[in-house]
């Protein structure tokens, strides 16, 4: 900001509540490659100069007014939301002109929020100190034409559909007025680092709909008790709110004044509004205009505003020295609203109307469409902000709900994992018979079917418990208990070892050897009282030795086994 135009009611203090009076953020001649967020870099040289404001005013809120230049992108978003939540006009309260379509044919000394903008150049006079911010916030959803936005203390928010790029060393930008296929780049005199591109558009129509509901509600209110008026004299009409303000006491509720549209149209009227409270914290005055005929109204007035502190406003100005406390509510039934006469003072609310002017308007201008052919000046409606408090943040309530849902899902896949483990263990056992396992005892069944059956010798502990043998002794052979004398214990023990060793060797060879050739052994039958033993054919490996010797050895071993078996049977029977 320039040092000869900056205004603040504070001495050097926190950067967020003071004005940078010595160092502008960006001049048109300066070169900069600073990103958007850097436009809010704070200066330590914030001082108070050129105090044009009467600091003795009751309830002044200048100390809380932020400086746009010194705000980060996040602080700017928070500030806009804060004002929108507190201001009776919502987000429209921080803009001079607010509408779906704004067309500039005359001088605009203020900031604009429009979904579609066709402009030349505009911006608030830096000496206009009775607004809600030091500096301007602008919003443009779609750009149909623009040459320049005045003032150094500003932030311009572009909608997501606007395509722009840096130009002239960031001292200006170029905007594509065409399409991606057929671009039409044109220079717009806005420093590149004064622009923020929004992720989504501001819902202008949605805000107008909210204001329409408020407009209807305010229009339904009866005139506040204590308000006086006289409109009989065209040259000296007046309304006085002094008594109503006195009756309100400490209340911050609006003062309602009802004015018939006939008192504002037709021949020009000189109207004085008396007793307007001067303090920023004082109630605002809502002037409900009724009986608009046919939805069209042309306002022709010469207004004079008399404040309670003795200061008067008798004309239009870019730098008014009082707070704006007047809201002209033209309702939702008006379609065309035109301002002629001399000038108009106070904010204008006509959410469904196309607002036009041929004379000056000082205050907020809010409508569906706004076409400026005369001149307009920013003068923000200032409500008693002390009444509006930020709501508490009820955020911790929904947190515990999603936590218990994922808990039961995790343990379920872990439990069935060990169940299939024992199933594959028995499957490989029969498929891969290894020589190390002792299980191949039933393997003799794999021998060819043409071989004779072989019954292994019985061990010494196997006998007929009934005292009789299963097989009868062949006729002609004697079988008596006395015929077989018991063998000495050392001989029995030796024979048992030999038999066991011989059986083990034969069995193991039969399992490990997979030869298709088999050697048939002659049967050795040992008849000993009631026991008959047979020898099974076992395939032996070919070792080059005489097979006759092997057969003889097998017969001898079989005979010894039969003898031991008979001895065991004899002992058991004798016992």
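Numbering (this note's numbering), first residue to last: -4 to 570.
Don't be surprised by glycine CBs; every beta carbon is placed ideally from N, CA and C.
Is it right to say residue i is buried, meaning 16 or more other beta carbons lie within 10 angstroms of its own, or is it exposed?
i           : result
residue 87  : buried
residue 324 : buried
residue 229 : exposed
residue 115 : exposed
residue 313 : buried
residue 560 : buried
residue 359 : buried
residue 177 : exposed
residue 416 : At residue 416 the pLDDT is 45, less than 50, meaning the model places this residue with poor confidence; the figure from the coordinates comes in the next sentence. Residue 416 is exposed by the Cβ-count criterion.
residue 106 : buried
residue 355 : buried
residue 85  : buried
residue 160 : exposed
residue 551 : exposed
residue 147 : buried
residue 231 : exposed
residue 215 : exposed
residue 553 : buried
residue 123 : buried
Return the bridge partner residues of residue i from the DSSP annotation.
i           : result
residue 329 : The partner list for residue 329 (beta bridge, DSSP) is empty, contrary to what the question assumes.
residue 85  : Paired residues: none, contrary to the question.
residue 571 : Outside the modelled stretch of the chain, which goes from -4 to 570, sits residue 571, for which no answer is possible.
residue 363 : Answer is none; residue 363 lacks a bridge partner.
residue 73  : Beta-bridge pairing links residue 73 to no other residue.
residue 108 : 93 and 134
residue 119 : None, per the DSSP bridge assignment.
residue 301 : 307
residue 253 : 283
residue 218 : DSSP lists no partner for residue 218.
residue 561 : Paired residues: none, contrary to the question.
residue 159 : 170
residue 153 : 135 and 192
residue 338 : 355
residue 233 : 225 and 267
residue 289 : Per DSSP, none; premise fails for residue 289.
To which residues of the same chain is residue i closer than 6 Å at the C-beta, ignoring the five residues directly before and after it?
i           : result
residue 284 : 254, 256 and 325
residue 213 : 281 and 324
residue 307 : 301
residue 142 : 115 and 116
residue 321 : 280 and 341
residue 91  : 105, 106 and 373
residue 311 : 338, 355 and 357
residue 93  : 87, 108 and 361
Report all residues from its chain with a CB closer than 7 Å to the CB of residue i; omit the five preceding and five following residues, and keep chain order.
i           : result
residue 327 : 207, 210, 211, 346 and 347
residue 149 : 63, 118, 130, 131, 133 and 189
residue 145 : 116, 117 and 118
residue 379 : 247, 276, 277 and 278
residue 74  : 61 and 66
Between the Cα of residue i and those of the options, spot the shortest distance and give me the residue it belongs to.
i           : options               : result
residue 65  : 129, 184, 240 and 153 : 129
residue 332 : 72, 291, 237 and 200  : 291
residue 272 : 265, 266, 264 and 281 : 281
residue 222 : 243, 214 and 231      : 243
residue 154 : 109, 141, 233 and 113 : 109
residue 135 : 552, 349, 120 and 185 : 185
residue 162 : 152, 182, 176 and 171 : 182
residue 164 : 315, 187, 126 and 217 : 187
residue 80  : 258, 168 and 202      : 202
residue 309 : 340, 179 and 319      : 340
residue 294 : 319, 352, 270 and 240 : 352
residue 267 : 249, 261 and 237      : 237
residue 78  : 376, 551 and 233      : 376
residue 95  : 127, 198 and 220      : 198
residue 180 : 192, 567, 259 and 158 : 158
residue 262 : 270, 227 and 274      : 227
residue 334 : 252, 97, 369 and 170  : 369
residue 364 : 265, 305, 97 and 225  : 97
residue 299 : 235, 549 and 260      : 235
residue 192 : 205, 204, 174 and 170 : 170
Leaving out five residues on either side along the sequence, give the residues of the same chain with a beta carbon under 8 Å from the beta carbon of residue i.
i           : result
residue 246 : 278
residue 329 : 287, 290, 291, 292, 345, 347 and 348
residue 196 : 110, 136, 154, 155 and 156
residue 139 : 111, 112, 113 and 172
residue 250 : 219, 222, 236, 239, 240, 243, 278, 279, 280 and 281
I think residue i touches residue j, with their Cβ atoms under 8 Å apart; what is that distance to the nearest whole Å?
i           : j           : result
residue 99  : residue 367 : 5 Å
residue 337 : residue 297 : 4 Å
residue 372 : residue 104 : 5 Å
residue 319 : residue 374 : 5 Å
The ligand ATP and residue i: does the residue's C-beta get closer than 7 Å to at least one heavy atom of that ligand?
i           : result
residue 209 : Here there are no bound small molecules, and the ligand ATP is not part of this structure.
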